[in-house]
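J.:
4 protein chains.
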Amino acid sequence: MPSRRGKPPKDGLETRQRLVDAGRRLFSVDGFHGTDTNRIAREAQVAPATLYVHFVDKTDVFRAVYSAWVSEMWERLSLDAIAGGPPEVIARRMARSLVEHYRKARGIRATVQSAALRAPAFRELYLSEGRRQLELAMNRRSARGSLPRAREDVLATLLIVERLCDALANDEVEALGCSAEALERVLVAVLEASLRDAPLPH
Amino acid sequence: MPSRRGKPPKDGLETRQRLVDAGRRLFSVDGFHGTDTNRIAREAQVAPATLYVHFVDKTDVFRAVYSAWVSEMWERLSLDAIAGGPPEVIARRMARSLVEHYRKARGIRATVQSAALRAPAFRELYLSEGRRQLELAMNRRSARGSLPRAREDVLATLLIVERLCDALANDEVEALGCSAEALERVLVAVLEASLRDAPLPH
Amino acid sequence: MPSRRGKPPKDGLETRQRLVDAGRRLFSVDGFHGTDTNRIAREAQVAPATLYVHFVDKTDVFRAVYSAWVSEMWERLSLDAIAGGPPEVIARRMARSLVEHYRKARGIRATVQSAALRAPAFRELYLSEGRRQLELAMNRRSARGSLPRAREDVLATLLIVERLCDALANDEVEALGCSAEALERVLVAVLEASLRDAPLPH
Amino acid sequence: MPSRRGKPPKDGLETRQRLVDAGRRLFSVDGFHGTDTNRIAREAQVAPATLYVHFVDKTDVFRAVYSAWVSEMWERLSLDAIAGGPPEVIARRMARSLVEHYRKARGIRATVQSAALRAPAFRELYLSEGRRQLELAMNRRSARGSLPRAREDVLATLLIVERLCDALANDEVEALGCSAEALERVLVAVLEASLRDAPLPH
DNA sequence: CATGAATGAGTGTTCATTCAT
DNA sequence: CATGAATGAACACTCATTCAT
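Residue numbers (numbering that gives the first Met the number 0), protein chains in the order written: chain A, 0 to 201; chain B, 0 to 201; chain C, 0 to 201; chain D, 0 to 201.
#1: For H201(D), which residues in the same chain have their Cβ closer than 8 Å to its Cβ, ignoring the five residues on either side in sequence?
#2: Restricting to runs no shorter than 4 residues, where is the alpha helix (DSSP H) found entirely within the region 150-198 of chain D?
#3: Would you list, in sequence order, the uninterrupted alpha helix (DSSP H) runs of no fewer than 4 residues that lie entirely inside the region 105-157 of chain D?
#4: Give, in chain order, every residue of the region 107-118 of chain D whose Cβ lies closer than 9 Å to some Cβ of chain C.
#5: If you measure between the beta carbons of L18(A) and L50(A), is that distance less than 8 Å?
#6: Chain D partners of I159(C), CB-CB under 7 Å?
#7: Is it buried or exposed for E171(D), if we count other Cβ within 10 angstroms and need 16 for buried?
#8: Going by DSSP in three states, P86(C) sits in which element: helix, strand or coil?
#9: Which same chain residues, not among the five before or five after S27(D), have their C-beta less than 8 Å away from its C-beta?
#10: If you compare alpha carbons, which of V160(D), L163(D), D20(D) and A149(D) is closest to F261(D)?
#11: Chain D partners of V55(C), CB-CB under 8 Å?
#12: Does DSSP classify A43(D) as helix, strand or coil?
#13: Note down, in chain order, each residue of its chain lying with its Cβ closer than 6 Å to the Cβ of A118(D), except the 5 sequence neighbours on either side.
#14: Taking the alpha carbon of L133(A) as the point to measure from, which residue in V160(A), S113(A) and F121(A) has its own alpha carbon closest?
#15: Please confirm if E171(C) has its CB atom under 8 Å from at least one CB of chain D.
#16: Between the C-alpha atoms of P85(A) and V98(A), what's the straight-line distance to the nearest angstrom?
#17: Distance check for L158(B) and A166(A), CA to CA, integer angstroms please.
#18: Would you mind listing the alpha helix (DSSP H) stretches within the region 47-85 of chain C that are 4+ residues and don't spill past its ends, in chain order?
#19: For the region 126-143 of chain A against the region 63-83 of chain A, do three or more pairs of beta-carbon atoms, one drawn from each stretch, fall closer than 8 Å, so that the two count as touching?
#20: Give the residues of chain A in contact with A166(B), contact being defined as C-beta atoms less than 7 Å apart.
#21: Report the three-state DSSP secondary structure of H32(C) (helix, strand or coil).
#22: Would you call the CB atoms of S66(C) and E128(C) closer than 8 Å?
#23: For L12(D), name the three-state secondary structure that DSSP assigns.
#24: Just confirm the distance between the C-beta atoms of F31(A) and A114(A), as a whole number of angstroms; I'd bet it's less than 8 Å.
#25: If the criterion is Cβ atoms closer than 8 Å, does the pair R130(C) and L175(D) meet it?
#26: If contact means a Cβ-Cβ distance below 8 Å, which residues of the region 70-103 of chain D contact chain C?
#27: Say whether chain C places a C-beta atom closer than 8 Å to the C-beta of A142(D).
#28: Could you name the residues of the region 176-199 of chain C whose beta carbon sits closer than 7 Å to any beta carbon of chain D, in the order they occur along the chain?
#29: Using a C-beta cutoff of 8 Å, does G129(B) count as contacting chain A?
#30: For L22(C), does the count of other Cβ atoms within 10 angstroms reach 16, so buried, or fall short, so exposed?
#31: Mark A192(D) as exposed unless 16 or more other C-beta atoms lie within 10 angstroms of its C-beta, in which case mark it buried.
#32: Report the residue from I39(B), D56(B), L78(B) and R91(B) whose alpha carbon sits nearest the alpha carbon of E180(B).
#33: Taking 8 Å as the CB-CB cut-off, is G22(D) touching chain C?
#34: Comparing the C-beta of K6(B) with each C-beta of chain A, is any distance below 8 Å?
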């Protein structure tokens, strides 16, 4: 199925997508402030001005990148759940996926809060991604037939998982003289408790 | 008791301290990237160049600010503990202090991770503050006569508390359709469990 | 034949060339350290940032200026030779051209060595210009059918001519109580000897 | 013989002299623009302000350094002459001394002209050093019983020697694909001719 | 004579963004 | 849709120099 226009995109991908991919690659490593828009354009093999044909500004690119990253995470988690097995096995799979996924996006994660601080538009996205995640998490629960749980508890779990993953992905844990494995076990426990309708784990 | 130099400090405070205070005020609101060094100097009522007499660069100022902020937090927590009462009362006090303390430093918190990403020197500070906090937390436990606990568990608690406080201080919680009060209750529970030698709370 | 881009250059010259011209004018008078990049831009009627579209840094502009200056000098010398006449007449013409050319570029000459000291990239240019001059000088000789001469002798002549021209162009000679005319005669003699295949002159 | 004041200078040398020495060390390597006054002071182990007790400004320090360097050169040349022998032997000794002396002061030499360009006060010094050198050279001649020679010829010799020494000391010669030895021979010849009352050498 | 601290005026450079085509 | 060239508004940092003591 050919591209829908005559002039074929440089490598079979639409320009916008190439920009998002380029942005992802760059943001992941150097963060939001460490990546300049001209570099994104260059990496995507387009002219600087082209970026502004597809995005209103730099945070808009970051938005798209972050949003895609979150989506992929949930898809991944979905697969981990579908793969089946007892909760602890699923939880272990998920923990691994999460840490790996976070690890590939250090620069993105590191920037999320500071971007939200300065760019109201991004704060909005950040929150809406948060809402989406919350919704997804709650839907998964009901799809699974789990007992309903307070939205706040789900949020708490989300936040906790987020922070543990950040620490693990940034190699903070070992730099702080702790065993990454042990902390990953905590992560697994949190995940497992969530799968089991249990409260936060022991 | 006169100041030890001839030229008296403009308002009774040493220049360096005035710069740190100014930096704190500005960073708290606008974050690291949103605050320029000349503005810090102006706010401290000194010339732009004076900042560089006392600090090697902008991140060095941030360092001092962050470090002081962490120290104050632990002093505050110490007072909360000393004030006495049953664990749950102490925990409630602490939660309130923490959220308040975080709230006054949104810009700082938002910057910590992203600064660590790009400035290796700052990552070092970040980690050393982390180690310090870990040590403090473990010392508090043994001073209290609590049962020794795995360093990893203490770290997990620290991370969790951090994330919950961030969310609460940033008003993320309500923006996500959750009750801040309810989430604060989760925070209290985590704190209380820690005080009681219990594992992560129910 | 229209300019190949839409926006017509402000005065018929390409931006890059306008920057080089502006740089030349400014460097000639105030030298490298006495000229700031924003001033070059202003003089070229472009924004400060535009300079960095065409050059990687300030020394890069100087490079272009110096290089052009050297080229023009040799073109000029070439014309002087072509104009014909006995060696001493040619030599006199050349001496006049040289001093005039040096005089228009005092700031540039004054900077060359000191720039080479600090900017390795510029030392490279300086040396490569030197090599180019050496090659040119040797080629001229063989084109003229002159006897081949040791590269070192040619270099010595080049250096000597350079220093005499500098002194003459800077009005050092008269400030030192000497007759500029007399020193110019020395310069002519050196040049003439070189044209005649003679060794350094008497 | 003790220092003439009570408080002994930090290492037996007067402050002013320590500053000149520090300046010489620094200027020699990094040139005038590459050396900042606070660094000179630090190197001399005094406070920044102390420099301004002894010198009116930065060029004033450079002045003292340059002046001392020139003096030493002539003392050295004097010794080379006194050591006796046929002109060519003396000339060879002198050439060696000169190149060595220049080599130890690359940064200084590289800066002389550009400093003269911008600081009129330094241009004055530069010229007066020039006059002094000219006088010295002419006096040496008459002391030696050499035939009197046109001031301009002496100046030309001075300039030529200067340029050849610079080239040799900066390793330009070999970087330009020439033999340093061969060029040094040219230098020796120029020196020898001057000692012999001969015109510029063959 | 010496100084610690402070400073004003830069200075080269960056970067998100925008036109005209 | 895409672009090449250009830009305005910073911005972190520097440095020769100066007081008050």
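Heads up, the beta-carbon is just placed ideally off N, CA and C, and yes, glycines get one too.
T.: Taking the geometry as given:
#1: Here H201(D) scores only 45 on pLDDT, less than 50, and its place in the model is too uncertain to base an answer on.
#2: DSSP runs (the alpha helix (DSSP H)) wholly in the region 150-198 of chain D: 150-168, 171-174 and 179-194.
#3: Look at the region 105-157 of chain D and you find these whole runs of alpha helix (DSSP H), each 4 residues long or longer: 105-117 and 119-143.
#4: Within the region 107-118 of chain D, the residues whose Cβ lies closer than 9 Å to some Cβ of chain C are R108, A109, T110, V111, Q112, S113, A114, A115, L116 and R117, listed in chain order.
#5: Yes, these two residues count as a Cβ contact at 8 Å.
#6: Chain D residues near I159(C): I159 and R162.
#7: A buried status is given to E171(D), since no fewer than 16 other beta-carbon atoms sit within 10 Å of its beta-carbon.
#8: Residue state, collapsed to three classes: helix.
#9: Hits under 8 Å: K103, A104, R105, G106 and I107.
#10: Nothing in the structure corresponds to residue 261(D), since chain D is present only between 0 and 201.
#11: Against V55(C), chain D offers no close residue; the least beta-carbon distance is about 20 Å (beta-carbon pairs closer than 8 Å).
#12: It is coil, neither helix nor strand.
#13: Result list for A118(D): T58, in chain order.
#14: Ranked by how close their Cα comes to the Cα of L133(A), the residues V160(A), S113(A) and F121(A) have V160(A) in first place.
#15: True, the Cβ-Cβ gap to chain D drops below 8 Å.
#16: Those two C-alpha atoms are separated by around 20 Å.
#17: Spanning the two alpha carbons is a distance of roughly 8 Å.
#18: Annotation note: the region 47-85 of chain C contains the following uninterrupted alpha helix (DSSP H) runs of length 4 or greater, listed N- to C-terminal: 47-53 and 57-81.
#19: Contact check between the region 126-143 of chain A and the region 63-83 of chain A: three or more CB pairs, one atom from each, fall below 8 Å, which counts as touching.
#20: L158, listed in chain order.
#21: H32(C): coil per DSSP, three-state reduction.
#22: A distance below 8 Å separates the beta carbons of S66(C) and E128(C).
#23: Note: L12(D) maps to coil in three-state DSSP.
#24: A Cβ-Cβ distance of about 5 Å is found for the pair F31(A) and A114(A), placing them in contact under the 8 Å criterion.
#25: Going by C-beta atoms, R130(C) is nearer than 8 Å to L175(D).
#26: So nothing in the stretch comes that close.
#27: Interface flag for A142(D) against chain C is unset, since no Cβ pair is found closer than 8 Å.
#28: If the cut-off is 7 Å between Cβ atoms, the region 176-199 of chain C has G176, C177, S178, A181, L182, V185, P198 and L199 near chain D.
#29: With 8 Å as the cut-off, G129(B) counts as an interface residue toward chain A.
#30: It should be noted that the sequence gives Gly, not Leu, for residue 22(C). Its Cβ being crowded by 16 or more others within 10 Å, G22(C) is buried.
#31: So A192(D) ends up on the buried side.
#32: Closest by alpha carbon: R91(B).
#33: Chain C, which has no Cβ nearer than 8 Å to the Cβ of G22(D), makes this no.
#34: Reliability of the predicted coordinates at K6(B) is poor, the pLDDT of 46 falling under 50, and no value is obtained from them.
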